[in-house]
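Q:
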Amino acid sequence: MDIAMASTPTKSRRQINGLSKIVVGALVGFALMYTYLQAALIGHVEMPLPVFSALSLVLAALVAGKPIGGWRWSPLLGAVWGVFLLLGKLDLVLFELAHPENTHQFAWLLLMIALVLVALLAGIGATVQNYRSAGTQQLPALAPWAFTLLAGLLVGAVAVAAIPRSASGAQVSALVQQQLRAVLISDFDGGTIRVKAGELAGLRLENTDAGGHSFDVDELDIHAAMPSDSTSVAVFSAAKPGSYIFYCRPHYDKATGQGMHGTLIVEP
Numbered sequence: 293m294d295i296a297m298a299s300t301p302t303k304s305r306r307q308i309n310g311l312s313k314i315v316v317g318a319l320v321g322f323a324l325m326y327t328y329l330q331a332a333l334i335g336h337v338e339m340p341l342p343v344f345s346a347l348s349l350v351l352a353a354l355v356a357g358k359p360i361g362g363w364r365w366s367p368l369l370g371a372v373w374g375v376f377l378l379l380g381k382l383d384l385v386l387f388e389l390a391h392p393e394n395t396h397q398f399a400w401l402l403l404m405i406a407l408v409l410v411a412l413l414a415g416i417g418a419t420v421q422n423y424r425s426a427g428t429q430q431l432p433a434l435a436p437w438a439f440t441l442l443a444g445l446l447v448g449a450v451a452v453a454a455i456p457r458s459a460s461g462a463q464v465s466a467l468v469q470q471q472l473r474a475v476l477i478s479d480f481d482g483g484t485i486r487v488k489a490g491e492l493a494g495l496r497l498e499n500t501d502a503g504g505h506s507f508d509v510d511e512l513d514i515h516a517a518m519p520s521d522s523t524s525v526a527v528f529s530a531a532k533p534g535s536y537i538f539y540c541r542p543h544y545d546k547a548t549g550q551g552m553h554g555t556l557i558v559e560p
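Take a look at the structure:
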């Protein structure tokens, strides 16, 4: 007697397509980038960067469908998150792009922008692919060429940024620099600098950090770059006595008054 065995089909998890896997990789990349930023560039844990790393990993798990997620629209999470990370600090992004002499920081930012671009394009593409042809697993034919082009642009941009630049403007000898009042990174933690009104003042700006800073006093139109691991000079004359705020443009919030800043006192 023949006995027909009834088999119960098992529900398999929907496989994510190739573009979704790229989004997952970009999100994991965000987490690694912020970890590296704190370890190699900042030198300490700084909020909310650990939160950004953790959220990036959570979103990567959701896009991958582990343990939940994997929805057809989930790749858009990576696209939206990447744009948020980039635009959330747009002023800092623009500052670093304008100062490629901070090669380490410049390279980090370029790689971050590349990851955002990958997450954005792959996230949109994966979502469209999920809704139009859910069974499609292959990457678009142009994907390898796009990655090759992007990698070449990154390497070229960093290589150009690493080329030593000849100094322009007035040159100050090392002997003269040693006689100038030193401005240290610690002075940006509420420190005070005093100069005389009407006199030519010179400041030796010492940046021992791996990241770039700046010395800015808006009222006196002072805007001096402080490249990473280097010494620069700010020369100016303040005609009017008073108290002014000096600050680091990429690391100071004018609206809240929080961040790297101090007080420049111009004495009569």
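Every letter in the sequence shown is one number past the one before it in my numbering, and letter 158, counting from 1, is 450. Using N, Cα and C, we set each Cβ at its ideal position, and we do this for glycine too. Bear in mind the structure is a predicted one, so any value in this text is a computation, not a measurement.
For a test of the three-state rule: what should DSSP assign to residue 553, helix, strand or coil?
A: Along the sequence shown, read from residue 1 onward, the residue named residue 553 stands at position 261. The answer is strand: DSSP assigns residue 553 an E or B state.
Q: Which residues share a DSSP beta bridge with residue 508?
A: The residue labelled residue 508 in the question sits at position 216 within the sequence shown. Paired residues: 515 and 539.
Q: Bridge partners of residue 545, per DSSP?
A: In the sequence shown, counting from the first residue as 1, residue 545 sits at position 253. In the DSSP output, where bridge partners are listed per residue, residue 545 has 550.
Q: Measure from the alpha carbon of residue 344 to the alpha carbon of each residue in 374, 483 and 367, then state which is nearest.
A: For the purposes of this step, residue 344 is taken as residue 52 along the sequence shown, with counting starting at 1. Looking at the Cα atoms, 374 is the closest of the given residues.
Q: So which of 382, 396, 392 and 480 has the shortest CA-CA distance to residue 328?
A: Stepping through the sequence shown from its first residue, residue 328 is reached at position 36. Taking only the C-alpha atoms, the option nearest residue 328 is 396.
Q: Residue 418 and residue 367 - do their beta-carbons sit closer together than 9 Å?
A: For this step, residue 367 is matched to residue 75 along the sequence shown. For this step, residue 418 is matched to residue 126 along the sequence shown. A contact, by the Cβ cut-off of 9 Å.
Q: Examine the ligand SAH and report whether any of its heavy atoms sits within less than 8 Å of the Cβ of residue 347.
A: The ligand SAH is absent from the structure shown, which contains no ligand whatsoever.
Q: Residue 453: which of 442, 335 and 519 sits nearest, CA to CA?
A: Here residue 453 corresponds to residue number 161 of the sequence shown, with the count starting at 1. Closest option to residue 453, Cα to Cα, is 519.
Q: With DSSP collapsed to three states, give me the class of residue 418.
A: For the purposes of this step, residue 418 is taken as the residue at position 126 of the sequence shown. Residue state, collapsed to three classes: helix.
Q: Which same chain residues end up closer than 8 Å to residue 405 when comparing Cβ atoms and leaving out the 5 residues on each side of it in sequence?
A: Here residue 405 refers to the residue found at position 113 of the sequence shown. Within the same chain, residue 405 has close Cβ partners 378 and 385.
Q: May I have the straight-line CA-CA distance separating residue 364 from residue 340, to the nearest angstrom?
A: Here residue 364 corresponds to residue number 72 of the sequence shown, with the count starting at 1. Here residue 340 corresponds to residue number 48 of the sequence shown, with the count starting at 1. If I take the Cα positions, the gap works out to 30 Å.
Q: Would you report the Cα separation of residue 401 and residue 324, rounded to the nearest angstrom?
A: Along the sequence shown, one-based indexing puts residue 401 at 109. Along the sequence shown, one-based indexing puts residue 324 at 32. For residue 401 and residue 324, the distance between alpha carbons rounds to 13 Å.
Q: Under three-state DSSP, which class holds residue 461?
A: The count along the sequence shown starts at 1 and reaches residue 461 at position 169. In this predicted model, residue 461 has a pLDDT of only 46, less than 50, meaning its place in the structure is not dependable; the value taken from the coordinates is given anyway. Residue 461 falls in the coil class under three-state DSSP.
Q: Residue 349 and residue 369 - do their beta-carbons sit closer together than 9 Å?
A: Taking the first residue of the sequence shown as 1, we reach residue 369 at position 77. Taking the first residue of the sequence shown as 1, we reach residue 349 at position 57. Contact: no.
Q: For residue 515, which residues in the same chain have their Cβ closer than 6 Å to its Cβ, ignoring the five residues on either side in sequence?
A: Here residue 515 refers to the residue found at position 223 of the sequence shown. Closer than 6 Å at Cβ, skipping near neighbours: 508.
Q: Could you pull the start and end residues of the alpha helix (DSSP H) that residue 351 belongs to?
A: Here the question's residue 351 lines up with position 59 in the sequence shown. Counting along the chain, the alpha helix (DSSP H) containing residue 351 begins and ends at 341-356.
Q: Could you name the residues that DSSP lists as bridge partners for residue 312?
A: Your numbering for residue 312 matches position 20 in the sequence shown. Answer is none; residue 312 lacks a bridge partner.
Q: Does DSSP put residue 500 in a helix, a strand or coil?
A: As a working note, residue 500 is residue 208 in the sequence shown. In the structure shown, residue 500 sits in coil (DSSP, three-state: anything other than H, G, I, E or B).
Q: Buried or exposed for residue 461, going by 16 or more other Cβ atoms inside 10 Å?
A: Here residue 461 refers to the residue found at position 169 when the sequence shown is read from its first residue. Bear in mind that the predicted position of residue 461 carries a pLDDT of just 46, short of 50, making it too unreliable to give a figure here.
Q: Curious, which full-length alpha helix (DSSP H) runs of at least 4 residues does the region 359-423 contain?
A: 367-379 and 382-389
Q: In whole angstroms, what separates the C-alpha of residue 523 from that of residue 449?
A: For this step, residue 523 is matched to residue 231 along the sequence shown. For this step, residue 449 is matched to residue 157 along the sequence shown. Approximately 24 Å, taken between the alpha carbons.
Q: So, is residue 391 buried or exposed, given that buried needs 16 or more other C-beta atoms within 10 angstroms?
A: One-based indexing of the sequence shown puts residue 391 at position 99. When all chains shown are included, residue 391 counts as buried.
Q: Is residue 311 closer than 9 Å to residue 493 when the C-beta atoms are compared?
A: On the sequence shown, position 201 is the one that residue 493 refers to. On the sequence shown, position 19 is the one that residue 311 refers to. With a cutoff of 9 Å on beta-carbon distance, residue 493 and residue 311 are scored as not near each other.
Q: Kindly confirm or deny that the region 473-482 and the region 540-559 touch, where touching means at least three C-beta pairs closer than 8 Å.
A: yes
Q: Using the Cα positions of residue 416 and residue 431, report the straight-line distance between them to the nearest angstrom.
A: To locate residue 416, count along the sequence shown from 1; it is residue 124. To locate residue 431, count along the sequence shown from 1; it is residue 139. Spanning the two alpha carbons is a distance of roughly 13 Å.
Q: Is DSSP giving residue 478 helix, strand or coil here?
A: Here the question's residue 478 lines up with position 186 in the sequence shown. Residue 478 falls in the helix class under three-state DSSP.
Q: Among the residues of its own chain, which have a CB less than 6 Å from the CB of residue 469, if the five just before and after it don't count?
A: For the purposes of this step, residue 469 is identified with residue 177 of the sequence shown, where counting begins at 1. So the list reads 496, once near-sequence residues are dropped.
Q: Kindly list the residues whose CB is nearer than 8 Å to the CB of residue 503, restricted to its own chain and excluding five residues on each side of it in sequence; keep chain order.
A: On the sequence shown, residue 503 is found 211 positions in, with the first residue counted as 1. Around residue 503, the same chain offers 333, 334, 394, 396, 397 and 520 as residues with beta carbons nearer than 8 Å, after the five sequence neighbours per side are excluded.
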